[in-house]
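Please read the structure below before turning to the comments.
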Amino acid sequence: MLMPSIFGENLFNDDWMNFGFPEVEKALYGKHASHEMKTDVRETDSGYEVDIDLPGFKKDEINIQLDNGYLSISAAKGLDKDEQDKEGKYIRKERYAGSMSRSFYVGNAITQDDIKAKYESGILRLSVPKKAAEEIESAKRIAIEG
């Protein structure tokens with residue numbers, strides 16, 4: 001029997017129903033890691049406002065780079081040494097160390113000084129201005145003598 005699904009997720013098959021608490025995939029945020037760097041991009045008259053959810057990250061764990069017209073955002077998280085040294089046995093562990101990244105093409109006319117970034121309450125907010133690409137000189141016809 002086929003079960004209905006939304007976005008490729010089976011509505012009736014979730015980890016909470018498995019009471020044995022098996023070891024989940026050891027990637028940041030478990031098997032749903034690819035869905036966790038949720039991003040909203042809003043166009044304004046002067047540019048683009050990009051909001052990226054990065055809950056649980058500290059500012060120094062986030063890296064933003066601009067290279068060849070691509071704006072890349074990455075976040076990496078390690079386990080705290082205090083967490084690893086605690087006594088006792090985990091019966092469920094969903095928080096893992098790992099990294100995630102996302103890239104957007106913003107064009108070669110944008111420089112790193114043009115982009116403004118702010119991180120507050122688990123949300124990274126980027127302001128990217130609109131800039132016209134520098135015009136490339138169009139092909140000129142060369143006359144043939146003779």
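For what it's worth, the UniProt record's numbering labels the leading residue of the sequence shown as 1, then goes sequentially.
Glycine included, each C-beta is placed from N, C-alpha and C at the ideal position.
- When the Cα atoms are used, Lys131 and Gly88 turn out to be separated by approximately 56 Å.
- About 7 Å separates the beta carbon of Val128 from that of Ile110, a gap short enough to meet the 8 Å contact definition.
- Per DSSP, the beta bridge partners of Pro129 are Gly47.
- The beta carbon of Leu54 lies closer than 8 Å to those of Met37, Ile62, Ala75, Tyr119, Gly122, Ile123 and Leu124 in the same chain, with the five residues before and after it left out.
- When the Cα atoms are used, Leu66 and Lys116 turn out to be separated by approximately 12 Å.
- Pairing Glu49 with Leu126 gives a Cβ-Cβ distance under 9 Å.
- Residue burial is scored here from C-beta neighbours: Gly47 has at least 16 other C-beta atoms within 10 angstroms and is therefore classed as buried.
- Counted as a single uninterrupted DSSP element, the stretch harbouring Lys93 is not any beta strand (DSSP E), since DSSP gives it neither H nor E.
- Around Thr39, the same chain offers Val50, Asp51, Ile52, Asp53 and Arg102 as residues with beta carbons nearer than 8 Å, after the five sequence neighbours per side are excluded.
- Secondary structure at Glu36: coil, using DSSP grouped into helix, strand and coil.
- Considering only Tyr105, Val106, Lys59 and Gly78, the residue with the shortest C-alpha distance to Arg95 is Gly78.
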